[in-house]
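Reading through the structure tokens given below for one structure.
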Amino acid sequence: MNKKLLSLAVAAAIAAPTAVLADANFYGKAHVSIDYFDQYRNGTGTHHTGWTLSKGRNGRGNSRASRLGVRGSEDFGSGLKAIYQIEFGIPMANEEDYDLDNGEQGTITMRNSYVGVQGSAGTLLIGRHDTPLKSSTSKLDLFDDRMADYQGTLGFNDVRADNIITYISDIGGVKLATAFVPGGASTIDSDTRNLLSDGLTQAFSLAATYESGPWYGSAAYQLTTSELSSSSVTSKKSAKVMRFGLGIRDLNGLHLSGIYEKQKNFDFLKDNDVELWQVQAGYEFGSSMLKGMYGQKDPDMTDFQSVAAGNLTLGADTQTNTSWAIGIDHSFTKRTKAYALYTDVDVDNTNTTKNLGDWNGFSLGMIHDF
101 MNKKLLSLAV AAAIAAPTAV LADANFYGKA HVSIDYFDQY RNGTGTHHTG WTLSKGRNGR
161 GNSRASRLGV RGSEDFGSGL KAIYQIEFGI PMANEEDYDL DNGEQGTITM RNSYVGVQGS
221 AGTLLIGRHD TPLKSSTSKL DLFDDRMADY QGTLGFNDVR ADNIITYISD IGGVKLATAF
281 VPGGASTIDS DTRNLLSDGL TQAFSLAATY ESGPWYGSAA YQLTTSELSS SSVTSKKSAK
341 VMRFGLGIRD LNGLHLSGIY EKQKNFDFLK DNDVELWQVQ AGYEFGSSML KGMYGQKDPD
401 MTDFQSVAAG NLTLGADTQT NTSWAIGIDH SFTKRTKAYA LYTDVDVDNT NTTKNLGDWN
461 GFSLGMIHDF
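Going by our numbering, the sequence shown opens with residue 101, and the numbers climb by one from there.
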């Protein structure tokens, strides 16, 4: 194909979606950071110290969550419409290995993607989406998707469920969200790790949020039930999470928030709890914001592990985390900002063979929303 034909093909590929999807909105976020980490120890005791981009292979905290997506709607009339969203996570730097030039190895992931119906009675979403518990306090995290994100530093139970049915309504200014997670029908397979997956509600998540001006409050509850089966034993397990959030969002430039979460894991005769809390504060001046956070995870048991990202169930270990961070954001425009932050996590871990350890880091990043 010569250059002229290639140019025509590219132009057609760009123009066609614009014509067909006239009611659709294309959007995304480009987020990259230059990071320095110190004293991260893995299961073999290796000490990782040095620079990387956007968390890298051995960095701590959450992914920078760069993304591309399209969303839109189709009006049915009478106040009813179909809605849809397809969103991909697009890593802007290597988070997989130590190679410097293997761009084909970057992992593209699925983010919130669904179809649904919206009307005066509420919104029904079916597909992949954040649980109501996760969404209930997302507006209170001033360090969201950065090195000091409260999930990455303390282990708050933030989950995006791959199979979820969510209904959202508004009653008197209170937004109510209810979600059910079918288990994926794994009972028809030889893998019987989740025998309760033949039901429609292997997990469910509920949340109520209220927002009026700068005032914000939320309460959420989540329950997951599963079974582990072999030829000799079948064990049942349930994981419960409660979360409460309270905040002030932009009261003459002031931002304050407090989040409390209790995770409860029942497995055989063990009844294990962990409590997590965090406070954050920020102050806007001009186009900048100074901010900070302090929090702690306190297990009250001898057999517990914090929830892994993307996992609705709880495991087994023991650790106490204390974390803090300071940072500054500067907005060049409404869509583009730069930031710098420093965070420190102190882990009091009694099991030195696990993938745990004290760590701290510095991050310098830029975010552009489009």
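Just so it is clear, CB atoms sit at the ideal spot from N, CA and C, and this is done for glycine as well.
In this text, all values refer to a predicted model and were calculated from it rather than measured experimentally.
Can you tell me which of the three DSSP states residue i falls into?
| i | result |
| --- | --- |
| Gln251 | helix |
| Ser423 | strand |
| Leu346 | strand |
| Asn411 | Residue placement at Asn411 is poorly supported in this model, since its pLDDT is 48, which falls under 50; the coordinates still yield a value, given next. If DSSP states are grouped into helix, strand and coil, Asn411 belongs with coil. |
| Asp446 | strand |
| Leu233 | helix |
| Gly203 | helix |
Suppose contacts are defined by Cβ-Cβ distances below 8 Å. Is residue i in contact with residue j by that definition?
| i | j | result |
| --- | --- | --- |
| Asn212 | Glu195 | no |
| Thr152 | Asp135 | yes |
| Gly461 | Phe256 | no |
| Ala261 | Val274 | no |
| Gly392 | Gln378 | no |
Which residue from the options puts its Cα closest to that of residue i?
| i | options | result |
| --- | --- | --- |
| Ser326 | Ser318, Lys337, Ala319 | Lys337 |
| Leu276 | Thr436, Thr309, Ala248, Ser305 | Thr309 |
| Phe223 | Asp249, Asp262, Thr253, Ala182 | The amino acid at residue 223 is misidentified as Phe; the sequence shows Thr. Of the candidates Asp249, Asp262, Thr253, Ala182, the one whose C-alpha sits nearest the C-alpha of Thr223 is Ala182. |
| Phe243 | His468, Gln380, Thr207 | Gln380 |
| Arg164 | Ala319, His131, Tyr184 | His131 |
| Gly347 | Ile359, Leu464, Val170, Ala339 | Ile359 |
| Leu225 | Val259, Ser178, Thr278, Gly177 | Thr278 |
| Ala221 | Leu323, Ile271, Lys362 | Ile271 |
Could you pull the start and end residues of the beta strand (DSSP E) that residue i belongs to?
| i | result |
| --- | --- |
| Ser463 | 459-469 |
| Gln302 | Note, Gln302: premise wrong, no beta strand (DSSP E); not H, not E. |
| Arg167 | 167-177 |
| Thr433 | Segment: none, Thr433 is in no beta strand (DSSP E) and carries neither H nor E. |
| Pro191 | First-last for Pro191: undefined, no H or E at that position. |
| Thr266 | 260-271 |
| Ser388 | 388-399 |
| Phe280 | 274-281 |
So residue i is in the alpha helix (DSSP H); what residue range does that whole segment cover?
| i | result |
| --- | --- |
| Ser238 | From DSSP, Ser238 is part of no alpha helix (DSSP H); its letter is neither H nor E. |
Go through its chain and collect everything with a Cβ distance to residue i's Cβ below 6 Å, but skip five positions before and after it.
| i | result |
| --- | --- |
| Leu168 | Gly128, Phe188, Ile190 |
| Leu351 | Pro314 |
| Phe344 | Ala319, Tyr360 |
| Leu180 | Gly219 |
| Gly317 | Tyr310, Leu346 |
| Ala408 | The predicted model places Ala408 with a pLDDT of 38, which falls under 50 and marks its position as unreliable; any figure quoted below should be read in that light. Nothing meets the Cβ criterion. |
Leaving out five residues before and five after residue i in sequence, what residues of the same chain have Cβ atoms less than 7 Å from its Cβ?
| i | result |
| --- | --- |
| Asp458 | Gln139, Val445, Asp446, Val447 |
Taking 8 Å as the limit between beta carbons, can you name the residues of its chain near residue i, skipping five residues before and five after?
| i | result |
| --- | --- |
| Arg157 | Asn194, Glu195, Glu196, Asp197, Tyr198 |
Determine whether the Cβ of residue i lies closer than 8 Å to any Cβ atom of chain B.
| i | result |
| --- | --- |
| Phe280 | Structure shown: chain B not included; a single protein chain is present. |
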